[in-house]
Structure formats: structure tokens, C-alpha cells
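The structure appears right after this line, and notes come after that.
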Amino acid sequence: MRFAFTDDQKMLRDTVREVLQRECAPDVVRAAWEGRPERAGAVWKTLAETGVIGMTASEEAGGMAMRELDLVLPVEELGYAAMPGPLVDTVAVGIPLLEAAGTEAQKERWLRPAIAGEARIVVSFEDQPIVAHAASAHVLIAERGGVAYCVPMSEVSVNAETSVDRTRELGRVPFEATARNQMREDVDAMGLFAMGRERATLGTAAQLIGLSRRMLDMAVQYAKDREQFGKAIGAQQAVKHRLANALIEQEFARPMVYRAAWSMATSAQDAEIHVSLAKIYAGRAARFVAKEALQVHGAIGYTIECDLHMWMKRAWALAAAHGDAAYHRERVGRHIL
Amino acid sequence: MDLDFTESENAFREECRTWLEAHVPREALPSGDTKKGFALHLDWEHQLFDAGWSAVSWPKQYGGREATLFEWLIFEEEYYRLGAPSRVTQNGIFLLAPTLFEFGTEEQKERILRPMARGDVAWGQAWSEPNAGSDLASLKSSARRVDGGWRLSGQKTWSTRAAFCDMAYGLFRTDPGQARHRGLTYFMFPLRAEGITVRGVDRLDGDEGFAEIFLEDVFVPDADVIGEVNKGWEVAMATTSSERGLSLRSPGRFMATASRLIDLYHRHRDRSDPILRDQVIQAWMDAEAYRWFTFQTVTRTVQGESIGPDSSMNKVFWSEMDVRTHETALAIIGDALELDEGSESAVDSGYWMKGFQFALAGPIYAGTNEIQRNIIAERVLGLPRK
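In the order they appear, the protein sequences are chains B and L.
First residue of the first sequence? That's 1 in the working numbering, and the numbers climb one at a time after it.
First residue of the second sequence? That's 338 in the working numbering, and the numbers climb one at a time after it.
Have a look at this one:
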């Protein structure tokens with residue numbers, strides 16, 4: 001038993017953290033919110049240069065053949081920065097699916113550009129017809145009627161839906177199921193999508209941990225800076241205890257996420273139950289931290305002038321995405337009861 | 338990261354399981370917080386020690402088996418899974434011993450540890466005073482220098498099982514010229530000696546698990562001072578994080594409670610509703626969360642990190658989880674919850690009501706959760722003290 005990441009895994013996290021600190025400040029997220037995603041797009045390119053976008057691709061394809069355990073810390077950093085875009089879809093689900101189930105032509109057209117950061121992949125599972133980041137994606141990988149499709153976004157139109165988190169650019173993407181956009185039939189496409197869904201869930205949980213950490217950092221900083229009654233509000237026990245509770249929720253969720261990553265990376269028994277636990281705890285922590293952070297900020301937190309709102313709204317959306325607490329609790333319940 | 342147990346860890350589990358399965362009393366002992374139950378628990382402690390299971394992580398020379406921290410956690414999982422008796426040696430083995438290992442002299446360790454772990458000498462803690470609870474540094478009990486030692490006077494309270502114990506330990510003011518946490522000294526003192534009066538206090542559940550200790554000029558030799566004179570605060574604080582952190586409540590206990598809750602739920606299926614079901618699932622998940630959090634913490638410890646104020650998060654988590662788990666059990670039992678131990682119709686012989694009352698103490702003892710939250714806010718998050 002050894003519950004710790006390797007130096008390599010931490011180094012990759014640090015690389016991503018530095019890129020995001022430098023290039024994905026809150027004003028970049030805010031610009032994406034306001035319909036100007038260009039600078040966030042530039043961050044994507046930088047991340048591709050570090051190899052992070054292609055990390056799950058095989059070495060032959062130009063990737064690093066990395067698994068969930070390598071992925072989870074960098075993805076946590078995406079949450080911390082509230083990085084806009086379908087990075088988890090592309091890296092955790094899209095590239096592995098494309099490599100495993102894509103035809104030669106599909107791989108030829110999309111794999112290398114995806115790894116290079118030039119093509120963004122979004123994924124639509126059978127029961128999730130609304131796709132996040134549909135507007136800025138280049139290719140859709142979709143599961144329809146038990147068959148896998150790879151659809152160039154240039155060939156379809158997106159029926160936009162509005163997310164509470166405007167950077168998510170939700171949309172329905174009706175497409176025609178044709179032989180040309182169908183993926184390979186000689187692979188277990190459904191098995192691959194099932195695996196992809198677990199990975200997307202894990203990636204969502206990891207982002208939620210990052211979102212929690214950032215919201216808590218913001219709230220702690222605010223509590224130290226903001227003075228009332230002649231002293232920092234963070235000196236008041238009522239405020240301290242809220243933030244202490246937020247930290248507890250967050251820190252007990254983290255090991256659940258890391259453990260699920262290990263279970264998936266090692267194909268451990270009951271890995272999907274561990275993913276459910278990760279999602280439940282990370283979602284609950286992020287929603288709880290959001291609420292406490294808002295309360296500590298007071299009225300300024302209740303405005304869109306304050307950056308906090310972008311993190312809160314991402315947290316609300318992701319806490320419910322890929323199975324909310326009720327869905328995953330049911331999965332755990334069936335397992336233990 | 339490797340979240341599988343190693344072969345030797347699995348072998349260790351097998352070894353303790355085999356011994357425990359053969360030796361754990363078939364029928365639960367009467368509460369260790371009663372005079373009669375305490376004596377029976379000490380008999381059990383003798384058995385544990387003689388087979389080398391009393392303090393598995395200790396050095397062999399003191400009766401341990403030099404188990405790793407992970408092996409200790411494994412032992413605890415098996416111990417509580419099999420419903421073995423509660424540890425009446427707890428305050429010695431898990432609170433005083435770590436202090437002795439860090440600050441004790443060779444003579445003290447040689448003299449004290451083995452009888453402590455065998456239950457031949459039973460130890461109680463004596464931290465709180467009537468007017469010094471959360472604010473421990475305001476304590477008033479004092480020690481006066483005399484030839485060859487000290488004379489202790491004052492009053493201690495909420496001393497766990499002190500009515501049945503032989504010895505206790507606590508802080509006394511040795512320098513009246515210094516204030517608060519300065520000028521205190523860490524003493525071990527006898528509970529059956531000239532000048533000592535111990536008065537048992539019945540806890541919420543009616544057991545005599547508490548006691549008040551009155552000291553009037555009680556003689557303590559220099560050999561029973563731990564660490565430096567007037568540096569008792571530092572000695573006491575050095576090991577509080579182990580109390581809040583790992584040693585006081587390892588995950589095995591809560592995993593066992595969660596399993597029992599699931600069993601209770603199955604036996605009362607007719608009372609099930611979606612809310613109860615969710616609460617049962619939540620209880621199980623929280624025990625899992627605590628287990629994995631602990632494995633992460635222990636890995637940090639093994640790698641040489643000190644855990645420090647992070648241990649306050651542990652204490653808040655397990656104590657509040659334990660209350661919720663017992664509340665869920667009582668909700669399943671319904672109106673039969675009031676049938677107390679000794680009542681023929683009581684569900685599980687009143688185990689859950691008894692456990693519920695004990696769980697309610699969790700957020701209070703070992704530093705109230707309010708104090709823990711202050712520690713988290715100030716020393717982990719860096720919020721201003723005032």
C-alpha cells in the first residue's frame with residue numbers, strides 16, 4: 001500500500017499548473033464567457049506543445065500512452081483554472097476512442113491534429129444528446145443505437161442550448177448516420193464508450209476538486225483581506241468554521257478521486273464503483289465549497305463582477321454532469337445493499 | 338501509487354485474523370466502563386499482550402511486533418470487524434506511550450510500557466480541570482518542589498475510567514511565575530496513593546466511565562516527570578496530533594459500524610424508505626472516504642512528513658460521521674430505539690442506543706470540534722487568530 005503520486009506525475013501536474021497560471025488567468029475565462037474564446041484557444045495550443053493533449057494516445061501515434069492515474073492531476077489543474085473547452089472529452093475519451101475504434105481514414109484525418117491541439121473532439125454518449133463545447137469542436141464522436149460515429153462538425157449544424165456556465169457552449173448536434181461517418185464495426189464500440197464514460201466521469205470529478213480548491217483559495221484570501229469591525233472577517237469564528245468545513249469536504253473528496261484513478265488505471269475490481277464514489281464526493285465538495293465561498297464573499301460574491309461566479313457555475317454544471325449524486329449513489333447502493 | 342496490499346501485508350492480515358477468530362470472546366463483554374466489565378476487559382488485554390497483539394507497532398523489546406503503520410491499520414480492521422472488546426488500555430497505549438517514545442527516558446520506557454500494554458497497570462488521562470477544558474492552558478493544578486520529587490495538588494476531571502485505573506498523567510503548573518502554557522510540567526501520578534481521592538462520574542449512558550481526581554500534596558518522584566520541567570506543554574502537544582489523527586480512531590472501527598448498519602438495514606427491510614436507504618449508503622461511503630483519507634495520510638507519515646494540524650480534519654470527520662451513522666441506525670429501529678440494554682426486546686441488545694450516546698461524545702472529547710475547526714482555519718488555512 002502506497003497512496004502517493006510519483007515524481008513524474010507531480011511534474012506533469014506542475015507543468016500544466018504553470019501554463020495555466022501564466023496563460024489562463026481569470027480574465028481569459030471571463031473573455032470566453034463573453035464570447036471571445038481566442039485566448040483560451042491559445043492555452044489549448046500551449047498545452048498541446050507540452051504533450052498533455054496527446055498524453056493518452058499511443059506512442060506510435062505520437063502520444064505518451066498514459067493512463068488515468070497520470071491524467072487526474074493535470075485535469076484537476078484545469079478545474080483550478082476553470083479552463084474553458086472540451087479538454088477532458090478530447091484527452092480522456094475522444095483520443096482513446098478514435099485510436100481504438102476509428103477507421104484508418106478517420107484516424108488519418110483527426111488523430112494527429114487532435115494530438116497537436118488543432119482539432120478538438122467532443123463526445124456524445126447515447127443518453128447525453130446535449131453536448132458541451134459543441135460550437136468550438138472540430139469533430140464529434142457519438143454513440144447512437146449501439147453504434148459509434150465520428151462526425152466532422154463542419155458537416156453538421158449545432159442547435160445551441162444555453163448553459164448557466166456560458167463557456168460550456170452547449171448544443172444538440174443532429175447528424176445523419178451514414179456508412180462514411182460510422183466507426184469500425186469489428187471492435188466493441190459499446191465497451192469502449194462505457195469505458196470512455198467512466199473516464200469522463202473521473203475527469204469531471206478531478207476538475208471538481210480543482211474548482212473546489214480555487215473557490216476555497218478565493219474565499220480564504222477574501223476573508224484575510226476584507227475588514228469589518230476593524231479586523232479581517234476571517235478572524236471571526238463563524239467565518240473560520242465555514243471555511244474549515246469547506247476544507248474538510250474537499251480534502252476527504254480528493255483521495256476518493258485519486259483512488260478511482262488508480263482503480264481505472266489498473267483495471268481493479270469494482271473500478272466503476274470507485275468512480276461513482278469519486279464523483280459523489282467531488283461533486284458534493286465543489287457544491288459545498290461554492291456555497292460557503294459565496295457566503296464568505298458576501299454581496300460582492302453575488303455579482304458577475306466577482307470572478308467567483310465562473311467557478312461556481314462550472315461547479316454546478318459539472319457536479320451534475322456524467323451522473324449526479326443520485327445516479328451514482330444508486331450505483332453504489334446496488335453494489336453494497 | 339499502489340493501492341493493493343503487499344504480500345506481507347496480506348500475510349499479516351491472515352495472521353491476525355486467524356488469532357482473533359480463535360480468541361475473540363463469543364459473547365460481548367459487559368461495558369469496559371463499568372467496574373465489572375473493566376476487570377474482564379483487562380483479562381482480555383492480558384491475552385492480547387501475551388500473544389503479541391496488544392501494541393503491534395511497538396518495538397519487540399516492549400512486547401510489540403514492530404508492525405508498520407499499514408499493518409497496524411490492518412490489525413484494527415480485523416479487530417473491529419470481528420467485534421473484539423473495546424480497548425481499555427487505549428489511554429496508555431495510544432496516548433501516553435507515543436509521548437514516552439518521544440520524550441521518555443530509557444528507565445521510564447523499560448519500567449512503564451510492558452505493564453501498560455499488558456493491562457497490569459491501567460492508565461487514565463487527566464487533562465481537563467473544572468475550569469480548564471477547551472482552554473487547557475488556563476489549568477490551576479500545581480506541583481511543589483520537594484526533596485526527590487514533587488507534591489501535586491489540585492483537581493482534574495473527565496478522566497476516562499480513572500475510577501478503575503492505577504495511574505494517570507497530566508499537566509501541572511510547576512512555575513507559578515509563568516502564565517498559561519509556559520511553566521507547566523508533564524507528570525505521571527498514582528491514583529491509589531496518599532492524598533488522592535477519585536470520584537466516579539456516570540456518563541450520559543449511565544456507565545461510570547468518567548471520574549474526578551482530587552489531589553492534595555500527592556508525592557511524585559522525579560522519575561515520573563516526562564520531558565523537561567516547565568516544558569510540559571510542548572511534551573503534551575507533540576502527541577495530540579496522533580490522538581486526533583490516527584491512533585485514537587482508525588478506519589477499521591467505522592468500517593465495522595457501517596457493516597453492522599447494513600446488516601441492521603437488511604433485517605428491517607420492512608421499514609425501508611428511499612431516505613433511510615440513502616443514509617445507509619452514505620454511512621458506508623463515509624467510512625470508505627475515511628479509510629482512503631487515512632491511507633493517504635499514513636503514506637505521508639511513512640514518507641517522513643509530519644501531519645500536524647491536518648489531523649484536526651480527521652477528528653472532525655470521524656466524530657461527526659459516527660454520530661450520523663448511529664442516528665441512521667436509530668431511524669431504522671424506529672420506536673424500539675428506546676428499549677435500552679437489559680431490555681429483552683431491545684434490538685441488538687441496545688447496541689445502537691448505547692453507541693449513539695457514546696458517538697455524541699466524539700465531537701467533544703480529544704479537543705472539541707469547535708477547537709479543531711479553529712485549528713484548521715488558523716493553522717491550515719492561515720486565517721488570522723484575532
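Quick reminder that beta carbons are idealized off the backbone N, C-alpha and C, glycines included.
Note that the structure is predicted; figures quoted are calculated from it, not measured.
Query                                                                                                                                                                                                         : Result
Looking at chain D, is there any beta carbon in it that lies within less than 9 Å of the beta carbon of Y627 of chain L?                                                                                      : In summary, chain D is missing from the structure at hand, where the protein chains are B and L.
Determine which residues of the stretch 689 to 714 of chain L have a Cβ less than 7 Å from any Cβ of chain B, and write them out in chain order.                                                              : R710, N711, I713, A714
Between the C-alpha atoms of G62 of chain B and E49 of chain B, what's the straight-line distance to the nearest angstrom?                                                                                    : 12 Å
Would you mind reading off the limits of the alpha helix (DSSP H) that contains M83 of chain B?                                                                                                               : Element bounds for M83 of chain B: n/a, residue is neither H nor E.
Which stretch, first to last residue, makes up the beta strand (DSSP E) that contains V425 of chain L?                                                                                                        : Counting along the chain, V425 of chain L falls outside any beta strand (DSSP E), and DSSP gives it neither H nor E.
For T522 of chain L, which beta-bridge partners are listed by DSSP?                                                                                                                                           : L:F509
Report back the beta-carbon spacing between H360 of chain L and V425 of chain L to the nearest angstrom; my notes put them in contact at under 8 Å.                                                           : With a Cβ gap of about 17 Å, H360 of chain L and V425 of chain L do not count as contacting.
Taking the alpha helix (DSSP H) that G178 of chain B belongs to, which residues open and close that run?                                                                                                      : Note that residue 178 of chain B corresponds to Thr in the displayed sequence, not to Gly. Taken as a continuous stretch (DSSP letters only), T178 of chain B belongs to no alpha helix (DSSP H), as it is neither H nor E.
Determine the burial state of D542 of chain L: buried for a count of at least 16 other Cβ atoms within 10 Å of its Cβ, exposed for fewer.                                                                     : buried
Buried or exposed: which applies to H241 of chain B, given that a residue is buried once 16 or more other Cβ atoms fall within 10 Å of its Cβ?                                                                : buried
Mark M190 of chain B as exposed unless 16 or more other C-beta atoms lie within 10 angstroms of its C-beta, in which case mark it buried.                                                                     : exposed
What residues in its chain sit with their C-beta under 6 Å from that of A469 of chain L, if we drop five residues either side in the sequence?                                                                : S475, L476
Which of helix, strand or coil does DSSP assign to R331 of chain B?                                                                                                                                           : helix
Considering only the beta carbon of each residue, do A626 of chain L and P255 of chain B sit closer than 9 Å?                                                                                                 : yes
Pull the bridge partners of T534 of chain L from the DSSP assignment, please.                                                                                                                                 : L:F551
Based on Cα-Cα distance, which residue from B:W316, B:K224, B:A223, B:G333 lies nearest to S276 of chain B?                                                                                                   : B:G333
Anyone know if the C-beta pair for R481 of chain L and D561 of chain L falls short of 9 Å?                                                                                                                    : no
Return the bridge partner residues of Y149 of chain B from the DSSP annotation.                                                                                                                               : B:A142, B:Q182
Kindly list the residues whose CB is nearer than 7 Å to the CB of I708 of chain L, restricted to its own chain and excluding five residues on each side of it in sequence; keep chain order.                  : S471
Assess, as a yes-or-no matter, whether the stretch 247 to 261 of chain B is touched by the stretch 626 to 635 of chain L under the definition of 3 or more beta carbon pairs within less than 8 Å.            : yes
Would G589 of chain L count as contacting chain B if we go by Cβ distances under 9 Å?                                                                                                                         : no
For T178 of chain B, count neighbouring Cβ atoms within 10 angstroms of its own Cβ and tell me buried if that reaches 16, exposed if not.                                                                     : exposed
I618 of chain L versus chain B: which residues are under 8 Å apart at the beta carbon?                                                                                                                        : R329, V332, G333, I336, L337
What is the residue span of the beta strand (DSSP E) that Q462 of chain L lies within?                                                                                                                        : 460 to 462
Tell me whether the stretch 452 to 470 of chain L and the stretch 589 to 600 of chain L touch, counting them as touching only if at least three CB pairs, one residue from each stretch, are closer than 8 Å. : no
What residues in its chain sit with their C-beta under 6 Å from that of R17 of chain B, if we drop five residues either side in the sequence?                                                                 : E77
Any residues in the stretch 590 to 604 of chain L with a beta carbon nearer than 8 Å to a beta carbon of chain B? Which ones, in chain order?                                                                 : I599, Y602, H603
Quick test of the definition: if touching needs 3 or more C-beta pairs under 8 Å, does the stretch 514 to 521 of chain L touch the stretch 439 to 454 of chain L?                                             : no
Could you give the uninterrupted runs of the alpha helix (DSSP H) lying entirely in the stretch 434 to 493 of chain L, keeping only those of 4 residues or more?                                              : 434 to 440, 443 to 455
Run through the DSSP bridge pairs and tell me what Q228 of chain B is partnered with.                                                                                                                         : B:K231
Which word fits G589 of chain L, buried or exposed, when buried means at least 16 other C-beta atoms lie within 10 angstroms of its C-beta?                                                                   : buried
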